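Just so you know, we're using the working numbering here: the sequence shown kicks off at -17 and counts up by one.
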Amino acid sequence: MSSESTRRIVVFRHAKAEWSDVDDHERPLADRGRKDAPVAGRWLAGSGINPDLAMCSTSARTRETWKLAVPELSERPRTVYEERMYEASLGELIALLNEVSDEVQDLVMIGHNPGMHALADALAGESEGDLLPRMNRAGFPTSAIAVLAFTGSWKAVEHGVGKLVAFWAPHA
-17 MSSESTRRIV VFRHAKAEWS DVDDHERPLA DRGRKDAPVA GRWLAGSGIN
33 PDLAMCSTSA RTRETWKLAV PELSERPRTV YEERMYEASL GELIALLNEV
83 SDEVQDLVMI GHNPGMHALA DALAGESEGD LLPRMNRAGF PTSAIAVLAF
133 TGSWKAVEHG VGKLVAFWAP HA
């Protein structure tokens, strides 16, 4: 695959988690989250995107979200559980994208706010229709998915490189 191929980044915020007395990293999904995650997976499957790679935070809620969403896809992508995604800043998330192999065309990142919203917003140099203002008004709720397309190498991912081509959230 050439470095000038069109690539897609699917930014996926974990589903609704419980607020409990456990350590934040170990918080499980709430009932609503367990219902929304497969719906998000069905939306992703219906979008026609079959990610080559999934990069998922190591938190319990992100792993559970992905476990419930991925069976909806026609093909299960290779999944990497990445500790650096938990509580990652925008700069750290972009640095992770810059490490992705150019063999990967479509990538899904399953993570947390505020990072997931910041990433989608920062990469979106333009958008189709009113997607960018709509995404920002919605505030990137749980189970939200943003799809950004860009041309070039993963090493060249930076602010404004992409076009927001889809935004979806189950309750927005």
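Note that CB positions come from ideal geometry on N, CA and C, so glycine has one too. Predicted model only: the values in this text are computed from it and were never measured.
- Residue state for I92 is assigned as strand, using DSSP reduced to three classes.
- For the alpha helix (DSSP H) assignment, the uninterrupted runs of no fewer than 4 residues enclosed by the region 101 to 133 are, from N- to C-terminal side, 113 to 120.
- DSSP places G97 in the helix class (H, G or I) of the three-state scheme.
- The beta carbon of S41 sits closer than 6 Å to the beta carbons of H7 and Y68 from its chain, once the five residues preceding and following it are set aside; these are given in chain order.
- For a cut-off of 8 Å, the C-beta gap from L89 to M37 is around 6 Å, short enough to register as a contact.
- For the pair V(-7) and L35, the CB atoms are not nearer than the 8 Å cut-off.
- Per DSSP, V21 is one residue of the alpha helix (DSSP H) stretching across D13 to G28.
- Three or more beta-carbon pairs drawn from the region 120 to 129 and the region 83 to 100 are found closer than 8 Å, and the two stretches are therefore classed as touching.
- Per DSSP, the unbroken alpha helix (DSSP H) holding A77 starts and ends at L72 to N80.
- Nearest to T124 by C-alpha distance, out of K137, P20 and D3, is P20.
- Between the alpha carbons of G142 and S83 lies a gap of roughly 20 Å.
- Taking the Cα of K(-2) as reference, the smallest distance to any Cα among A138, N95, R119 and W136 is reached at N95.
- DSSP places V52 in the helix class (H, G or I) of the three-state scheme.
- Counting only residues of its own chain and dropping the five nearest sequence neighbours on each side, L11 has a CB closer than 6 Å to the CB of A(-3), A(-1), R43 and E46.
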